[in-house]
Each structure stands twice: as structure tokens, then as C-alpha cells.
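Take the sequence shown: its letters are residues 71 to 200, numbered as in my numbering.
Yeah, the Cβ is synthetic: ideal placement off N, Cα and C, and Gly gets one too.
Here the structure is a predicted model, which is why all the values come from computation and not from measurement.
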Amino acid sequence: MNIHGKYHELLGQIEARALYLFEGWRNGYEEEIRQDAIRRSQAVLLGKITEHFIPYLPMFKYNPKDARFIGSPIDFIVFDGLSEGEIRKIVLVEVKAGESAQLTRREKQIANAIKNKAVGFEIVTLSESQ
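Shown next as C-alpha cells:
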């Protein structure tokens with residue numbers, strides 16, 4: 071066999087080995103990605119379920135009957151005093167877990183709008199012709 075033939079033979083073996091190693095790596099990595107996705111999905115689901123129960127936990131300082139779950143872009147609106155027949159204040163509540171939990175950009179915008187008193191109350195009246 072000449073040198074040109076030997077070169078192509080070795081190149082074919084190298085390519086076959088590289089393909090074999092790549093397939094093995096990819097298969098292992100795909101499983102890791104799947105497991106990571108499952109873990110993340112479970113954590114998100116647990117967080118979403120837990121959010122609904124927050125008003126019934128001791129650290130929630132409002133009457134659970136006064137809280138209304140929204141979920142997005144903020145977790146709750148609390149009509150403090152609603153269950154007693156007299157609303158004292160309205161509070162938007164965002165639930166965060168962990169010491170380093172931070173507000174998202176949108177949540178910060180909501181907090182700033184409230185802080186800057188950029189809130190309002192409107193009535194939309196529908197007429198019969200609409």
C-alpha cells in the first residue's frame with residue numbers, strides 16, 4: 071500500500087474513533103441535560119405550588135381571606151381589612167425564597183410605580199351598544 075492509501079486509511083480510523091467518542095459524550099451529556107431540566111422543572115413547580123399557600127403560613131402578616139393570588143407580574147394583592155368590612159390599605163406582595171432572592175426588572179418597575187405614587191383607579195363602563 072502506498073503512503074497515500076495508508077494516510078486515507080488512518081484518517082478513516084481517526085474519524086471513526088472521533089465519531090464514536092463524540093456519540094458517547096453526546097449521549098451522556100443529553101442525559102445530564104434531561105436530568106437538569108427535570109430538576110429545574112420540579113423546583114419551579116414546587117415554587118408555584120408553594121406561592122398559593124403563603125397566606126396560610128405564619129410569616130404572612132395579613133389575613134389570608136384578604137389576599138388574592140395573581141401570580142404574574144406580582145404574586146398577591148392584599149386588601150387589608152376586606153374580611154372585616156373595612157379596607158385599611160391595599161398591598162402588592164411578591165413572594166421570594168432564599169437569602170439572595172431579588173426582584174426581576176418588571177417587579178422593580180412595579181415597586182417603583184407604587185413608590186412614586188404612579189397608581190390609579192379607573193371605572194370602565196360598558197354601554198349596551200358596545
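| message | Is the beta carbon of residue 134 closer than 8 Å to that of residue 125? | response | yes
| Taking C-alpha atoms, which residue in 151, 153, 150, 166 lies nearest to residue 141? | 166
| request: Have a look at the DSSP bridge pairing and note the partners of residue 138. | output: 147
| request: Within the same chain, show all residues whose beta-carbon is closer than 7 Å to that of residue 117, passing over the 5 residues directly before and after it, in chain order. | output: 167
| request: Rank 138, 143, 164, 144 by C-alpha distance to the C-alpha of residue 152 and give the top, closest one. | output: 138
| request: Classify residue 162 as helix, strand or coil using the three-state DSSP reduction. | output: strand
| Exposed or buried, residue 136, counting other C-beta atoms within 10 Å across all chains shown (16 or more means buried)? | buried
| task | Kindly indicate the opening and closing residues of the alpha helix (DSSP H) around residue 120. | result | 73-123
| query | Is there at least one non-hydrogen atom of the ligand GDP closer than 7 Å to the beta-carbon of residue 172? | reply | The ligand content of the structure shown is nil, which means the ligand GDP is not present either.
| field | Cβ-Cβ distance between residue 160 and residue 180 below 8 Å | value | no
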